[in-house]
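Heads up: the protein sequence lines correspond to chains Z and A, in order.
Quick note on the working numbering: the first sequence kicks off at 15 and runs consecutively.
Quick note on the working numbering: the second sequence kicks off at 15 and runs consecutively.
Heads up, the beta-carbon is just placed ideally off N, CA and C, and yes, glycines get one too.
Down below is the structure, laid out as structure tokens.
Number of protein chains: 2
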Amino acid sequence: MAKRVFVIGAGATKVGEHWDRSLRDLAVEALLAAIKDAGIDKRDVEALYVGNMMSGELQGQEHLGALVATWAGMVGVAAFKVEAACASGGAALHQAYLAAASGLYDCVAVVGVEKMTDALPSDVTSALLTAEDQEYVVFTGATFVGLNALVYRMYLTKYGVKQEDVARFAVHCHKMAVNNPYAQFRREATLEDVMSSPLIADPIRLLECAPVGDGAAALVLCNEDFLRRNSHDVLVEVAGSAVATDVLSVHERKDPLAMAGSRKAAEAAMKRAGIEAKDVDVLEVHDAFTILGILTLEALGYAPPGKGWQLVAEGELEPGGKIPTNTMGGLKARGHPVGGTGIYQVFDIVRQLRGEAGPSQVEGAEIGLAQNLGGVAGTVVIHVLRRVR
Amino acid sequence: MAKRVFVIGAGATKVGEHWDRSLRDLAVEALLAAIKDAGIDKRDVEALYVGNMMSGELQGQEHLGALVATWAGMVGVAAFKVEAACASGGAALHQAYLAAASGLYDCVAVVGVEKMTDALPSDVTSALLTAEDQEYVVFTGATFVGLNALVYRMYLTKYGVKQEDVARFAVHCHKMAVNNPYAQFRREATLEDVMSSPLIADPIRLLECAPVGDGAAALVLCNEDFLRRNSHDVLVEVAGSAVATDVLSVHERKDPLAMAGSRKAAEAAMKRAGIEAKDVDVLEVHDAFTILGILTLEALGYAPPGKGWQLVAEGELEPGGKIPTNTMGGLKARGHPVGGTGIYQVFDIVRQLRGEAGPSQVEGAEIGLAQNLGGVAGTVVIHVLRRVR
């Protein structure tokens, strides 16, 4: 019987352009903040998971487990890097969860980190493309935004939807980020701003894309055995954690709009948590591009296929709406330091469930769900969090 | 209570220069061989772990979890890449073990893979250096072999040992590889061959270094719940699995010869398995350089500090000796496709425990221990395997 696992600490750096700090600095800052928040000694942490995608390509640095352990003053701890493209953070959290659930570790930490602004934009573009099939897709000259543009165009054509209705997802995210001190862009953007921003890959506009940024977020998890030895007034449980893959390359999928991996992983995570989609109070979706946010709302069952955009138009994604989504700004405006994103999403949910979300608070939020995507949804990680006291 | 975990399938490619196959081809070949060996359907596998260090740098390819899942025809499976430098294979196996031990997955697969020969030697050297601290060590111009040379020189000086006595470890490995059909170098090398081979970084000679090569090895693990539904005549248990870090950079360690991580991880893994070092029938050590093999023998307690080389000189590492070690050739001669190595080590031990080791068979072998190192022993992974029927 797997042990129950809880989030007892959470910390993060602001997302942004951190010219004064390196990847290790960001990781250590977030990690120590989470350990401090947990009220434990760092020597209590038995295993350390680092979620990161591009440190090899952008920093010439692998072996982040031992690196971060050394720089955080945690030498000796079991340490690992976990990679699953843009879902690296979520994937690392899943491993941390399994470690604590197994009972072979009682207290573990996970930090998701990416440092993207030290590199040339062309190098970042290349590094992001390592998420796709190098031999059969990247070789053709495809870019990551280009591949998402194909999915976007297919959606607009198949359902006769106007681009403005999809693009409005970015307007929502910018509005939500205003009150988030950790967000990269704490400013609103109008629909006109979005639609008049430069065209990156038809139809995707600049302001429909998550930005490049630096940041790290961390969580401390423990199982029920560790909890007995420590007290926490407010407690959030990892009620469900599941991962699924889809066919790696979008052009080989039967239905590129179906998000089969999201359906599968969400079903498994919700089943484990004993909840249904309607029970979710706060949702974090992986809106690397606006279209991915809309498709996720449909894949998770919050809207029929082709109708996800209506939730945005009707304000249902805001606190008080039907399904409050990306209440801290999402990838679009909170930011998307790639390997960090999966952890930032859970960090954002934990703040909501603890009632620490300030002006963005969803009243009485008890259950949150985070969806983290790798590649064009080739890997999907779903976490269900529940406040248990 | 963590569930017991067993190795029910093992497969590998020969290590070598596979010009006709790409990284994914090697991974899929080994993975499907392991699944076939397990006698299960690939749809039984619920999670897939890929151990790999350098695919981002050398192939421009990350997201190996979804890539291998797709190409192996296992779309849907939860899939991850785990990285811990040269210990990536062992680290991935540790995660696979935790997954099955947790009971949240009943049957999982792990494949370790590296494709090194498609790249320029200078690029391979750079990629290997991502294991070390980029900002404080690599920046000075240090190379990986150079760092190990410092440790080697320190050992020779401190204990007054002759280089020939350390270098003889390579002679042993070459002798062992002759009977291993999976080995990269199935030929003997004399001590004169080793000592007259080119000097790479004083005092390390070419034939004291593990070679560059391509290869993949895979294992299928299951827990006791899955086992009840399947029968296996011969069965090997993962009796212990532990990971420890040391200070990342060797120059910052109190005692660079102590291998503190190896001691810590071995102690934890053996404790869990309920054994002592003397109970081990077959040993696999991470001899990326001869000196690492010798230091490991000392760290694990098979010889006092400064005396590990005597075991080689006295033939105690051969089948029938005190502690049969690297009986399939070790990194030196079986080969060292980096991310694959940690899995090859366990693959080699499994063959011994099953009695499938041919002329290299250690009679009556029941317990094996594998030690996989990342960087200059910055990460250490120890697995204890036991034949249970």
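140, 141, 143, 144, 145, 146, 147, 148, 149, 152: these are the residues of the segment 135–156 of chain Z whose beta carbon lies less than 9 angstroms from some beta carbon of chain A, given in chain order.
Among the CB atoms of chain Z, one or more fall inside 9 angstroms of the CB of residue 88 (chain A). Only 36, 38 from the segment 24–43 of chain A bring a Cβ to less than 9 angstroms from some Cβ of chain Z. For the 9 angstroms CB-CB criterion, residue 44 (chain Z) and residue 229 (chain Z) form a contact. Excluding the 5 residues flanking it on each side, residue 67 (chain Z) has same chain C-beta neighbours closer than 7 angstroms at 97, 99, 100, 102, 128, 352, 353, in chain order. Cβ-Cβ separation between residue 19 (chain Z) and residue 64 (chain Z): approximately 19 angstroms, too far for a contact (criterion under 8 angstroms). Near chain A, meaning a CB-to-CB distance below 7 angstroms, the residues of the segment 62–81 of chain Z are 67, 70, 71, 73, 74, 75, 76, 77, 79, 80, 81. Three or more beta-carbon pairs drawn from the segment 260–279 of chain A and the segment 81–97 of chain Z are found closer than 8 angstroms, and the two stretches are therefore classed as touching. For residue 386 (chain A), there is no enclosing alpha helix (DSSP H); the residue is found in the beta strand (DSSP E) stretching over 381–388.
Contact of residue 20 (chain A) with chain Z is not assigned, every C-beta pair being separated by 9 angstroms or more. The continuous alpha helix (DSSP H) containing residue 186 (chain A) extends over residues 177–191. Listed along chain Z are 84, 89, each with a C-beta nearer than 8 angstroms to that of residue 261 (chain A). By the Cβ test, the segment 224–243 of chain Z is not in contact with the segment 270–288 of chain Z, since fewer than three Cβ pairs between them sit closer than 8 angstroms. Take the alpha-carbon of residue 205 (chain Z) and the one of residue 387 (chain A): they are about 53 angstroms apart. The residue from Z:242, Z:348, Z:184 with its alpha-carbon nearest to that of residue 303 (chain Z) is Z:184. Scanning its chain for C-beta atoms nearer than 8 angstroms, with the 5 sequence neighbours on each side dropped, one finds around residue 137 (chain Z) the residues 71, 72, in chain order. A distance below 7 angstroms between beta-carbons, with the five flanking residues on each side excluded, links residue 179 (chain A) to the following residues of its chain, in chain order: 323, 327.
Distance from residue 316 (chain Z) to residue 289 (chain Z) at the Cβ level is roughly 14 angstroms; contact not present, criterion being Cβ atoms closer than 8 angstroms. Per the Cβ contact rule, the segment 340–359 of chain A is not in contact with the segment 386–403 of chain Z (fewer than 3 Cβ pairs under 8 angstroms). Beta-bridge annotation (DSSP): residue 237 (chain Z) is paired with Z:19. For residue 358 (chain A), the enclosing alpha helix (DSSP H) begins and ends at 352–367. Where residue 158 (chain Z) is concerned, the enclosing alpha helix (DSSP H) starts and stops at 158–173. Residue 240 (chain A) and residue 375 (chain A) have their C-alpha atoms some 30 angstroms from each other. Counting along the chain, no alpha helix (DSSP H) covers residue 97 (chain Z); the unbroken beta strand (DSSP E) around it starts and ends at 92–97. The C-beta separation of residue 218 (chain A) from residue 159 (chain A) comes to about 6 angstroms, placing the pair in contact by the 8 angstroms criterion. For residue 105 (chain A), the three-state secondary structure derived from DSSP is helix. Linking residue 313 (chain A) to residue 118 (chain A) through their CA atoms gives a straight-line distance of about 35 angstroms. When only Cα atoms are considered, residue 84 (chain A) and residue 57 (chain A) end up about 13 angstroms apart. Identification of residues in the segment 94–117 of chain Z having a C-beta nearer than 7 angstroms to some C-beta of chain A yields 94, 95, 96, 97, 98, 99, 105, 109, 112, 113, 115, 116, 117, given in sequence order. In chain A, no part has a C-beta under 7 angstroms from the C-beta of residue 273 (chain Z); the shortest such distance is about 13 angstroms. Residues are counted here when their Cβ sits less than 7 angstroms from a Cβ of chain A; for the segment 382–399 of chain Z these are 388, 389, 392, 393, given in chain order. Scanning its chain for C-beta atoms nearer than 7 angstroms, with the 5 sequence neighbours on each side dropped, one finds around residue 226 (chain Z) the residues 130, 131, 138, in chain order. One finds nothing in chain A with a Cβ atom closer than 8 angstroms to the Cβ of residue 130 (chain Z); even the nearest lies about 14 angstroms away.
Between residue 249 (chain Z) and residue 403 (chain Z) a beta carbon distance of about 5 angstroms is seen, short of the 8 angstroms cut, so the two are scored as contacting.
With at least 16 other beta carbons inside 10 angstroms of its own, residue 120 (chain Z) counts as buried. When secondary structure is reduced to three states using DSSP, residue 215 (chain Z) falls in the strand class.
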